[in-house]
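Here UniProt numbering is used: position 110 in the sequence shown is 110, and no number is missing along the way.
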Amino acid sequence: MWCPLQAVQSFSSDAFGSTIGCTIFDETLPFFLRYLRSSIISTLTAFSIYCVLQMGYDPCIIPAVLILRQDPAQWTPPFEHPWFATSVSDFWGRRWHQFYRRTFIFLGIYPLSLVFGRMGGIFGAFFAFAVFHHIIIITLDGQMVALAHIGERVFRQWTGRKVGRLWVGCGRWRG
């Protein structure tokens with residue numbers, strides 16, 4: 001699974017993979033090689049994300065079905081062959097994972113479609129998507145550590161108790 005990720009990193013500069021960012025377009029390469037390289041990086045990155053999400057989903061199915069006796073039909077596949085998408089709408093609306101679909105509908109589509117109509121709803125969904133992914137990125141770089149410390153202090157003042165291991169285990173507060 002990590003082979004695609006290692007392949008992506010082998011194409012890249014030192015800044016690649018940091019939240020500071022860099023470009024996948026190497027200006028020192030000729031036009032064709034520059035776009036071939038960026039296409040390979042994009043494809044391998046998408047495949048890596050697909051594998052990571054699938055690997056996180058699959059281990060949940062086994063105990064849910066065997067121990068909790070859930071119907072396997074409740075666990076629909078997270079992806080619907082995204083490589084067969086016929087349009088951008090087909091890809092994002094149906095074929096890529098829909099784990100946060102309800103969240104993006106509630107936080108993005110509903111509010112903005114009430115004000116700006118259908119097009120506003122589409123922008124709202126992708127705005128919620130962007131905010132969600134931005135939060136993920138800043139937590140990966142350890143920038144949320146200060147907020148975690150403040151959150152722990154506030155929790156302790158309100159409840160008189162320490163937060164506990166669940167807080168640490170669920171968060172990426174260690175930076």
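Every residue gets a Cβ at the ideal spot worked out from N, C-alpha and C, and that includes glycine.
Check	Outcome
Using the rule of at least 16 other Cβ atoms within 10 Å of the residue's Cβ for burial, across every protein chain shown, is Ile109 buried or exposed?	buried
Drop a sphere of 10 angstroms on the beta-carbon of Leu112, count the other beta-carbons inside from all chains shown, and report buried for 16 or more, exposed for fewer.	buried
Excluding five sequence neighbours on each side, which residues of the same chain lie with their C-beta closer than 6 Å to the C-beta of Leu114?	none
Buried or exposed: which applies to Phe106, given that a residue is buried once 16 or more other Cβ atoms fall within 10 Å of its Cβ?	exposed
Let me check understanding here. Comparing Cα to Cα, which of Phe99, Pro82 and Gln98 lies closest to Phe91?	Pro82
Does DSSP classify Gly160 as helix, strand or coil?	coil
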